Amino acid sequence: MVKPLSFFDINSGPEMSNPAVREQVMETVRAVAEDLGYLIYEAGLLLKGKNSSVVVKIDGSAPISHSDCQAFSTELSRRLDEAGLLPDYSLEVSSPGIRRQLRSVEEFERFSGSPAKVIFREGDGQRVVKGRIGRVAGGIVEFHEGDKAIMIAFDAIKSANLEF
């Protein structure tokens, strides 16, 4: 199953004034991810001068390798060229990286046991915790900071990143 696509635009050009083009690019990215068995962590369509850039971060159940990025890039490029959606574009495909941002309860569950840095709201301020992700249940994420267990409501988390 493909996660919801996070898609952003920066500096719209003439080809981006047509929402149908943007939607077709998004659909092409989604289709390639589904066909090749990847998840879309993030995708974007950018304009640099006259050239468009398609930027995609892929994810999967196993760590993403250079070969995964190359396979995705090759297939997406083929389909974009075939559709003629963007006359001149560059394509960048990568993984979220080892210091990836954690953005959902499912990602906290997936990376349970991994080291992370979390910034969350506490009272009138905020607090930073560096430790290991523990259990995740009922919207509560458990973190182990040394020998202390800290329970944090997912909704109180402002940002979180893996810390390998």
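Under this note's numbering, the sequence shown has 147 at position 139, and the numbering climbs by one with no breaks.
Positions of the beta carbon are idealized from the N, C-alpha and C atoms, including for glycine.
Since we're looking at a predicted model, the values are computed, not measured.
- Nearest C-alpha to residue 171 among 69, 105, 160 and 133: 105.
- Excluding sequence positions up to five before and after residue 76, its CB lies within less than 8 angstroms of the CB of 46, 66, 68 and 103, all in the same chain and listed in chain order.
- For residue 53 and residue 116, the gap between their C-alpha atoms comes out near 28 angstroms.
- The continuous beta strand (DSSP E) containing residue 67 extends over residues 59-67.
- Apart from the 5 residues on each side of it in sequence, residue 121 sits with its Cβ closer than 7 angstroms to the Cβ of 140 and 141 in its chain, given in chain order.
- Taking 7 angstroms as the cut-off, the Cβ atoms of residue 129 and residue 79 do not count as close.
- DSSP, reduced to helix, strand and coil, places residue 111 outside both helices and strands of the structure shown, so it counts as coil.
- Going by beta carbons, residue 113 and residue 151 fall outside the 7 angstroms limit.
- In this model, residue 48 and residue 38 are separated by some 7 angstroms (Cα to Cα).
- Of the candidates 64, 119, 124 and 125, the residue whose Cα lies closest to the Cα of residue 100 is 64.
- If you ignore the 5 residues before and after residue 81, its C-beta comes within less than 7 angstroms of the C-beta of 99 and 101, all in its own chain and listed in chain order.
- Straight across, the Cα-Cα distance linking residue 95 with residue 157 is about 54 angstroms.
- Within the same chain, and ignoring the five residues on either side of residue 148 in sequence, the residues whose Cβ sits closer than 8 angstroms to its Cβ are 159, 160, 161 and 162.
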